[in-house]
Amino acid sequence: MRPSDIDFLSCPICALPLIGQESSLGRICFRCENGHAFDPAKEGYVHLLPSGKMHSLHPGDDKEMVRARRLFHSGDHYRALKHALTDMVRGSSLLIDCGCGEGYYTSAFADCCEKVLGLDLSKEAVRIASKIDHKSLYIVAGSFHMPLPDGCADVVTNIFTPIAHEEIFRVLKDDGLMISVIPGKKHLWQMKEALYETPYPNSGEAKEYPAFRLVECREVHDVITVTDREQIKGLYEMTPYSRKSSREAADRIAAMTTLETEIEFLICVYKKELP
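Read left to right, the sequence shown gives residues 617 to 891 (the working numbering).
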(Lines of atoms letter the chains of each structure in order from A and count residues from 1; the text may use other names and numbers.)
(Lines give C-alpha, C1' and ligand atoms only; values in the text may rest on other atoms or scores of the structure.)
Protein backbone atom coordinates (compact mmCIF):
# COMPACT_ATOMS: atom_id res chain seq x y z
CA MET A 1 0.00 0.00 0.00
CA ARG A 2 1.45 3.39 -1.00
CA PRO A 3 1.83 6.14 1.63
CA SER A 4 -0.64 8.30 -0.29
CA ASP A 5 -3.25 5.54 0.11
CA ILE A 6 -2.94 5.52 3.90
CA ASP A 7 -5.31 8.24 5.08
CA PHE A 8 -6.97 6.40 7.95
CA LEU A 9 -4.42 6.41 10.80
CA SER A 10 -4.48 8.63 13.87
CA CYS A 11 -1.62 9.48 16.17
CA PRO A 12 -1.81 7.17 19.22
CA ILE A 13 -0.49 10.01 21.39
CA CYS A 14 -2.62 13.03 20.42
CA ALA A 15 -5.22 11.51 18.02
CA LEU A 16 -4.42 13.92 15.18
CA PRO A 17 -4.27 12.42 11.66
CA LEU A 18 -1.07 10.64 10.69
CA ILE A 19 0.21 11.52 7.24
CA GLY A 20 2.47 9.16 5.33
CA GLN A 21 5.49 10.94 3.89
CA GLU A 22 8.24 9.59 1.66
CA SER A 23 11.73 11.02 1.89
CA SER A 24 14.12 11.58 -1.00
CA LEU A 25 15.79 8.33 0.01
CA GLY A 26 12.52 6.47 -0.41
CA ARG A 27 11.93 5.92 3.31
CA ILE A 28 8.41 6.34 4.68
CA CYS A 29 7.49 8.08 7.91
CA PHE A 30 4.09 8.73 9.47
CA ARG A 31 3.86 12.10 11.18
CA CYS A 32 1.15 14.23 12.80
CA GLU A 33 0.97 18.04 13.02
CA ASN A 34 2.26 17.91 16.59
CA GLY A 35 5.48 16.35 15.36
CA HIS A 36 4.95 12.81 16.63
CA ALA A 37 6.62 10.51 14.11
CA PHE A 38 6.46 6.75 13.54
CA ASP A 39 8.78 4.90 11.19
CA PRO A 40 7.68 1.58 9.69
CA ALA A 41 9.81 -1.45 10.48
CA LYS A 42 11.80 -2.99 7.64
CA GLU A 43 8.98 -5.52 7.14
CA GLY A 44 6.54 -2.65 6.57
CA TYR A 45 4.39 -2.65 9.71
CA VAL A 46 4.02 0.37 12.00
CA HIS A 47 4.22 0.16 15.80
CA LEU A 48 1.42 2.37 17.16
CA LEU A 49 1.00 0.91 20.65
CA PRO A 50 2.14 3.47 23.26
CA SER A 51 4.24 2.03 26.06
CA GLY A 52 1.61 3.19 28.54
CA LYS A 53 -0.95 0.89 26.88
CA MET A 54 1.36 -2.16 27.02
CA HIS A 55 0.38 -4.37 29.94
CA SER A 56 3.48 -6.55 29.50
CA LEU A 57 6.89 -6.31 27.85
CA HIS A 58 5.71 -8.45 24.94
CA PRO A 59 1.90 -8.19 24.69
CA GLY A 60 -0.17 -10.52 22.53
CA ASP A 61 0.78 -13.96 21.23
CA ASP A 62 4.38 -15.02 21.71
CA LYS A 63 6.66 -16.48 19.02
CA GLU A 64 5.61 -20.05 19.73
CA MET A 65 1.90 -19.30 19.39
CA VAL A 66 2.48 -17.30 16.20
CA ARG A 67 4.55 -20.17 14.83
CA ALA A 68 1.78 -22.65 15.66
CA ARG A 69 -0.84 -20.57 13.86
CA ARG A 70 1.39 -20.06 10.85
CA LEU A 71 2.17 -23.78 10.62
CA PHE A 72 -1.46 -24.80 10.71
CA HIS A 73 -2.72 -22.08 8.38
CA SER A 74 -0.02 -22.95 5.84
CA GLY A 75 -2.16 -26.00 5.04
CA ASP A 76 -5.18 -23.77 4.24
CA HIS A 77 -7.43 -26.07 6.29
CA TYR A 78 -9.81 -23.24 7.20
CA ARG A 79 -10.34 -22.19 3.58
CA ALA A 80 -14.11 -22.79 3.84
CA LEU A 81 -14.31 -20.04 6.46
CA LYS A 82 -11.92 -17.82 4.55
CA HIS A 83 -13.98 -18.08 1.36
CA ALA A 84 -17.25 -17.41 3.20
CA LEU A 85 -15.80 -14.28 4.78
CA THR A 86 -14.32 -12.89 1.58
CA ASP A 87 -17.68 -13.31 -0.14
CA MET A 88 -19.31 -11.24 2.61
CA VAL A 89 -16.83 -8.34 2.67
CA ARG A 90 -16.03 -8.10 -1.04
CA GLY A 91 -15.86 -4.53 -2.33
CA SER A 92 -15.36 -2.83 1.05
CA SER A 93 -13.52 0.50 0.87
CA LEU A 94 -11.75 -0.01 4.21
CA LEU A 95 -11.79 -3.20 6.27
CA ILE A 96 -10.22 -3.40 9.72
CA ASP A 97 -9.19 -6.89 10.89
CA CYS A 98 -8.90 -6.84 14.69
CA GLY A 99 -6.58 -9.42 16.21
CA CYS A 100 -5.27 -10.25 12.75
CA GLY A 101 -2.54 -12.59 13.94
CA GLU A 102 -0.16 -13.68 11.20
CA GLY A 103 -2.57 -12.45 8.52
CA TYR A 104 -4.22 -15.63 7.20
CA TYR A 105 -7.61 -13.97 6.77
CA THR A 106 -6.30 -10.41 6.37
CA SER A 107 -4.33 -11.27 3.24
CA ALA A 108 -7.45 -12.84 1.71
CA PHE A 109 -9.43 -9.68 2.44
CA ALA A 110 -6.77 -7.65 0.64
CA ASP A 111 -7.59 -9.50 -2.58
CA CYS A 112 -11.23 -8.37 -2.54
CA CYS A 113 -11.30 -5.03 -0.67
CA GLU A 114 -9.93 -1.63 -1.62
CA LYS A 115 -7.95 -1.05 1.59
CA VAL A 116 -7.26 -3.45 4.46
CA LEU A 117 -5.72 -2.76 7.87
CA GLY A 118 -4.66 -5.60 10.15
CA LEU A 119 -3.96 -4.83 13.79
CA ASP A 120 -2.72 -7.01 16.61
CA LEU A 121 -1.04 -6.58 19.98
CA SER A 122 1.59 -9.15 19.02
CA LYS A 123 4.59 -7.55 17.35
CA GLU A 124 5.76 -10.98 16.21
CA ALA A 125 2.44 -11.78 14.54
CA VAL A 126 2.33 -8.42 12.75
CA ARG A 127 5.95 -8.82 11.67
CA ILE A 128 5.22 -12.19 10.04
CA ALA A 129 2.04 -10.90 8.41
CA SER A 130 3.84 -7.90 6.91
CA LYS A 131 6.57 -10.07 5.41
CA ILE A 132 4.03 -12.19 3.56
CA ASP A 133 1.24 -9.75 2.66
CA HIS A 134 2.30 -6.51 0.97
CA LYS A 135 -1.21 -5.42 -0.03
CA SER A 136 -2.46 -4.74 3.50
CA LEU A 137 -1.12 -2.35 6.11
CA TYR A 138 -0.33 -3.91 9.48
CA ILE A 139 0.05 -2.09 12.77
CA VAL A 140 0.89 -3.10 16.32
CA ALA A 141 -2.12 -1.81 18.24
CA GLY A 142 -4.98 -3.02 20.41
CA SER A 143 -8.61 -3.25 19.34
CA PHE A 144 -9.79 -1.50 22.52
CA HIS A 145 -7.77 1.63 21.64
CA MET A 146 -7.48 1.79 17.86
CA PRO A 147 -5.37 4.62 16.40
CA LEU A 148 -8.09 5.40 13.88
CA PRO A 149 -10.46 8.33 13.30
CA ASP A 150 -14.20 8.18 13.92
CA GLY A 151 -16.35 6.71 11.18
CA CYS A 152 -13.58 5.54 8.87
CA ALA A 153 -14.31 1.84 8.26
CA ASP A 154 -16.92 -0.05 6.26
CA VAL A 155 -16.29 -3.36 8.03
CA VAL A 156 -14.53 -4.48 11.20
CA THR A 157 -13.83 -8.21 11.58
CA ASN A 158 -13.20 -10.10 14.81
CA ILE A 159 -12.19 -13.70 14.11
CA PHE A 160 -11.92 -15.66 17.38
CA THR A 161 -10.98 -12.44 19.20
CA PRO A 162 -12.54 -10.41 22.03
CA ILE A 163 -14.94 -7.76 20.73
CA ALA A 164 -14.35 -4.13 21.72
CA HIS A 165 -17.85 -3.14 20.62
CA GLU A 166 -17.70 0.46 21.87
CA GLU A 167 -14.46 1.17 20.01
CA ILE A 168 -15.71 -0.63 16.91
CA PHE A 169 -18.88 1.49 16.99
CA ARG A 170 -16.67 4.59 17.02
CA VAL A 171 -14.53 3.67 13.99
CA LEU A 172 -17.36 2.29 11.84
CA LYS A 173 -19.21 4.40 9.30
CA ASP A 174 -22.90 5.00 10.02
CA ASP A 175 -23.88 2.02 7.85
CA GLY A 176 -20.87 -0.08 8.85
CA LEU A 177 -20.79 -3.77 9.72
CA MET A 178 -19.13 -5.64 12.56
CA ILE A 179 -18.43 -9.28 11.73
CA SER A 180 -17.65 -11.77 14.47
CA VAL A 181 -16.58 -15.40 14.02
CA ILE A 182 -16.99 -17.87 16.88
CA PRO A 183 -16.56 -21.66 17.03
CA GLY A 184 -19.68 -23.68 16.24
CA LYS A 185 -21.04 -26.30 18.61
CA LYS A 186 -19.15 -29.25 17.05
CA HIS A 187 -15.97 -27.39 16.06
CA LEU A 188 -12.94 -29.71 16.24
CA TRP A 189 -15.13 -32.43 17.73
CA GLN A 190 -12.84 -35.33 16.87
CA MET A 191 -9.87 -33.54 18.41
CA LYS A 192 -11.94 -33.09 21.56
CA GLU A 193 -12.75 -36.80 21.57
CA ALA A 194 -9.02 -37.51 21.59
CA LEU A 195 -8.47 -35.08 24.45
CA TYR A 196 -11.42 -35.63 26.76
CA GLU A 197 -13.32 -38.63 28.06
CA THR A 198 -16.58 -36.69 27.71
CA PRO A 199 -16.29 -33.94 25.08
CA TYR A 200 -18.49 -30.90 25.51
CA PRO A 201 -20.05 -28.81 22.73
CA ASN A 202 -19.34 -25.10 22.40
CA SER A 203 -22.22 -22.72 23.01
CA GLY A 204 -22.19 -21.70 19.35
CA GLU A 205 -24.67 -18.87 19.94
CA ALA A 206 -24.52 -15.28 18.71
CA LYS A 207 -24.16 -12.59 21.36
CA GLU A 208 -25.92 -9.26 21.54
CA TYR A 209 -24.03 -5.96 21.70
CA PRO A 210 -25.32 -2.48 22.58
CA ALA A 211 -25.84 -0.20 19.56
CA PHE A 212 -25.55 -3.12 17.14
CA ARG A 213 -28.31 -5.11 15.46
CA LEU A 214 -27.69 -8.72 14.49
CA VAL A 215 -28.62 -8.94 10.81
CA GLU A 216 -27.24 -12.32 9.75
CA CYS A 217 -25.86 -15.57 11.17
CA ARG A 218 -24.17 -17.95 8.78
CA GLU A 219 -22.92 -21.42 9.71
CA VAL A 220 -19.87 -22.86 7.98
CA HIS A 221 -19.26 -26.61 8.16
CA ASP A 222 -16.46 -28.74 6.75
CA VAL A 223 -14.40 -31.84 7.48
CA ILE A 224 -10.64 -31.49 7.32
CA THR A 225 -7.91 -34.11 7.18
CA VAL A 226 -4.55 -33.00 8.53
CA THR A 227 -1.71 -35.38 7.68
CA ASP A 228 1.24 -33.23 8.72
CA ARG A 229 2.21 -33.88 12.34
CA GLU A 230 3.57 -30.36 12.77
CA GLN A 231 0.28 -28.91 11.54
CA ILE A 232 -1.67 -31.14 13.92
CA LYS A 233 0.54 -29.88 16.73
CA GLY A 234 0.08 -26.30 15.53
CA LEU A 235 -3.70 -26.66 15.52
CA TYR A 236 -3.69 -28.06 19.04
CA GLU A 237 -1.38 -25.33 20.35
CA MET A 238 -3.49 -22.51 18.89
CA THR A 239 -6.63 -23.72 20.68
CA PRO A 240 -7.57 -23.12 24.34
CA TYR A 241 -7.42 -26.90 24.83
CA SER A 242 -3.62 -26.82 24.92
CA ARG A 243 -3.82 -24.81 28.14
CA LYS A 244 -6.52 -26.96 29.74
CA SER A 245 -5.63 -30.54 28.82
CA SER A 246 -3.62 -33.08 30.76
CA ARG A 247 -0.11 -34.13 29.76
CA GLU A 248 -1.48 -37.52 28.72
CA ALA A 249 -4.03 -35.89 26.43
CA ALA A 250 -1.36 -33.69 24.87
CA ASP A 251 0.78 -36.77 24.27
CA ARG A 252 -2.09 -38.43 22.39
CA ILE A 253 -2.28 -35.44 20.06
CA ALA A 254 1.50 -35.44 19.60
CA ALA A 255 1.40 -39.11 18.58
CA MET A 256 -1.17 -38.53 15.82
CA THR A 257 -0.04 -38.84 12.21
CA THR A 258 -3.49 -38.01 10.82
CA LEU A 259 -6.35 -35.99 12.23
CA GLU A 260 -9.74 -35.99 10.54
CA THR A 261 -12.18 -33.69 12.29
CA GLU A 262 -15.28 -31.62 11.83
CA ILE A 263 -14.86 -27.87 11.80
CA GLU A 264 -17.80 -25.57 12.40
CA PHE A 265 -17.99 -21.79 12.60
CA LEU A 266 -20.70 -19.23 13.20
CA ILE A 267 -20.31 -15.94 11.31
CA CYS A 268 -22.32 -13.19 13.02
CA VAL A 269 -22.95 -9.95 11.13
CA TYR A 270 -23.99 -6.86 13.09
CA LYS A 271 -25.08 -3.51 11.71
CA LYS A 272 -24.23 -0.29 13.50
CA GLU A 273 -27.37 1.34 14.86
CA LEU A 274 -27.45 5.09 15.44
CA PRO A 275 -29.36 6.50 18.45
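Glycine residues also receive a C-beta, built at the ideal position from the N, C-alpha and C atoms. Fair warning: this is a prediction, and the values are worked out from it, not measured in the lab.
> Is DSSP giving Ala-780 helix, strand or coil here?
Replying inline: Residue mapping note: residue 780 aligns to position 164 of the sequence shown, counting from 1. In the structure shown, Ala-780 sits in coil (DSSP, three-state: anything other than H, G, I, E or B).
> Nearest CA to the CA of Val-705: which residue from Asp-838, Ile-795, Lys-802 and Arg-686?
Replying inline: Indexing the sequence shown from 1 puts residue 705 at position 89. Sorting Asp-838, Ile-795, Lys-802 and Arg-686 by C-alpha distance to the C-alpha of Val-705 places Ile-795 at the top.
> Residues in its own chain within less than 7 Å of Ile-629 by CB, not counting five upstream and five downstream?
Replying inline: For the purposes of this step, residue 629 is taken as residue 13 along the sequence shown, with counting starting at 1. Contacts found: His-652 and Pro-666.
>> So that I know if they touch, is there some Cβ in chain D lying closer than 7 Å to that of Gly-734?
In response: Within the model displayed, chain D is absent; a lone protein chain is all it includes.
> Asp-749 lies in the alpha helix (DSSP H); which residues open and close that run?
Replying inline: Translated into positions along the sequence shown, residue 749 becomes position 133. For Asp-749, there is no enclosing alpha helix (DSSP H), as DSSP marks it with neither H nor E.
> Three or more beta-carbon pairs under 8 Å between the stretch 680-688 and the stretch 700-714, yes or no?
Replying inline: Three or more Cβ pairs closer than 8 Å define a contact, and the stretch 680-688 falls short of that threshold against the stretch 700-714.
>> For the stretch 835-846 against the stretch 657-664, do three or more pairs of beta-carbon atoms, one drawn from each stretch, fall closer than 8 Å, so that the two count as touching?
In response: No, because fewer than three Cβ pairs between the stretch 835-846 and the stretch 657-664 fall closer than 8 Å, the two stretches do not touch.
> What are the partner residues of Asn-774, as DSSP defines its beta bridges?
Replying inline: Numbered from its first residue, the sequence shown carries residue 774 at position 158. The partner list for Asn-774 (beta bridge, DSSP) reads Cys-714 and Ser-796.
> Three or more C-beta pairs closer than 8 Å, one from the stretch 739-751 and one from the stretch 760-780: is that the case here?
Replying inline: Result no; under three Cβ-Cβ pairs closer than 8 Å.
> Does the count of Cβ pairs from the stretch 798-818 and the stretch 862-871 closer than 8 Å reach three?
Replying inline: Taking a cut-off of 8 Å for Cβ pairs, the stretch 798-818 and the stretch 862-871 touch, as three or more such pairs fall below it.
> Whose C-beta lies closer than 7 Å to the C-beta of Cys-569 among residues of the same chain, with five residues either side of it excluded?
Replying inline: What the structure shows of the chain is the stretch from 617 to 891, and residue 569 is not part of that stretch, so it cannot be assessed.
> CB-CB under 7 Å to Gly-800, same chain, minus the five flanking residues each way: which ones, in chain order?
Replying inline: Locating residue 800 in the sequence shown gives position 184, where the first residue counts as 1. Cβ within range, chain order: Asn-818, Gly-820, Glu-835, Glu-880, Phe-881 and Leu-882.
> For the alpha helix (DSSP H) that Glu-864 lies in, which residues bound it at each end?
Replying inline: If you number the sequence shown from 1, residue 864 lands on position 248. 863-871 is the extent of the alpha helix (DSSP H) around Glu-864.
> Which whole-angstrom value is the C-beta distance of Ala-726 and Ser-752, which I expect to be below 8 Å?
Replying inline: As a first step, residue 726 must be located in the sequence shown, where it is residue number 110. As a first step, residue 752 must be located in the sequence shown, where it is residue number 136. Taking the Cβ atoms as the reference, Ala-726 lies roughly 4 Å from Ser-752, within the contact range of under 8 Å.
>> Give me, in chain order, the residues of the same chain whose beta-carbon lies closer than 6 Å to that of Ala-827; leave out the 5 immediate sequence neighbours on both sides.
In response: Residue mapping note: residue 827 aligns to position 211 of the sequence shown, counting from 1. If the five residues before and after Ala-827 are omitted, its C-beta is found closer than 6 Å to the C-beta atoms of Phe-785 and Glu-889, all from its own chain and listed in chain order.
> In its own chain, which residues sit with a C-beta less than 8 Å from the C-beta of Tyr-825, not counting the 5 before and 5 after it?
Replying inline: The sequence position of residue 825 within the sequence shown is 209, counting from 1. Same-chain partners within the cutoff: Ile-779, His-781, Met-794 and Tyr-886.
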